[in-house]
Amino acid sequence: MPVNSPRTESEQVDPISAPLNVGPSTQKTLKPITEKKLAKFQEEQKKTGVVYLSRIPPFMKPQKVRYLLQAYGEIGRIYLAPEDQRIRQRRKKFGGNGKKNYTEGWVEFLDKNVAKVVANTLNAKPIDYLAKGGKKRFYYHDDLWNIKYLPGFKWDHLTGQLGRFQILILVSFMGIDT
3 MPVNSPRTES EQVDPISAPL NVGPSTQKTL KPITEKKLAK FQEEQKKTGV
53 VYLSRIPPFM KPQKVRYLLQ AYGEIGRIYL APEDQRIRQR RKKFGGNGKK
103 NYTEGWVEFL DKNVAKVVAN TLNAKPIDYL AKGGKKRFYY HDDLWNIKYL
153 PGFKWDHLTG QLGRFQILIL VSFMGIDT
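For what it's worth, the working numbering labels the leading residue of the sequence shown as 3, then goes sequentially.
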């Protein structure tokens, strides 16, 4: 049938009852995970260590945190908690910067021993410690790291069923000053 030819009454297709053929299925079928792969994944998760950043310098983004900390060891995941929306609106209203601020964060290192060493080494040190030669041109030159290793704390505690209130109780129980 030519492209521009009109269809006859018998060739008309009802758009409601016509099957929708859009080609091959785009959904992937998920294979069940094998016990061997599950055991390997669980072993890798046991080796990870999480550090808590009680203060994030103004306007430091997760990419910058990753860049600064990856020099010490391999990093898995990073979560920085954004500041309260009301505080941000008040800051913008009175002429402050409109950039996103973060208040606290968690960084997962793939090796818990590296996480312990990083927390002990960098805590209360300048952020440009061992970087940029301590030059004052570095934006975060005057800020200090506030890092604490969280023993027994895994990433699942952050992403699981724990709410914000339960995380704060856990952090305060571990003796971390926020």
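Glycine included, C-beta positions come from ideal geometry on N, C-alpha and C.
Under the rule that 16 or more other beta-carbon atoms within 10 Å means buried, what is residue i, buried or exposed?
| i | result |
| --- | --- |
| T123 | exposed |
| D158 | exposed |
| G51 | buried |
| V15 | Bear in mind that the predicted position of V15 carries a pLDDT of just 49, short of 50, making it unreliable; the figure below should be weighed with that in mind. Classification of V15: exposed, given that the 10 Å Cβ count is below 16. |
| T161 | exposed |
| I149 | buried |
| A2 | With the chain covering only 3 through 180, there is no way to say anything about residue 2. |
| K114 | buried |
Taking residue i and residue j to be in contact with their CB atoms under 8 Å, please state how far apart those CB atoms are, rounded to whole angstroms.
| i | j | result |
| --- | --- | --- |
| V53 | F111 | 7 Å |
| L71 | I77 | 6 Å |
| N103 | E85 | 4 Å |
| L152 | V109 | Actually they are not in contact, since the Cβ atoms of L152 and V109 sit about 10 Å apart, beyond 8 Å. |
| T105 | A83 | 5 Å |
Compare the C-alpha of residue i against each of the options and name the closest.
| i | options | result |
| --- | --- | --- |
| P59 | A121, Q29 and G107 | G107 |
| D145 | E46, S174 and P128 | P128 |
| F155 | A126, P34, K118 and R88 | K118 |
| G75 | V116, Y141, Q47 and E45 | V116 |
| Y141 | M62, T36 and Q47 | M62 |
| A73 | D130, R139, I171 and H143 | D130 |
| I80 | Q65, R88 and Q91 | Q65 |
| I35 | T28, Q29 and Q44 | Q44 |
| field | Complete runs of the beta strand (DSSP E) confined to the stretch 76-149 [at least 3 residues] | value | 77-84 and 104-111
| Runs of beta strand (DSSP E) wholly within the stretch 54-78 (minimum 3 residues, chain order) | none
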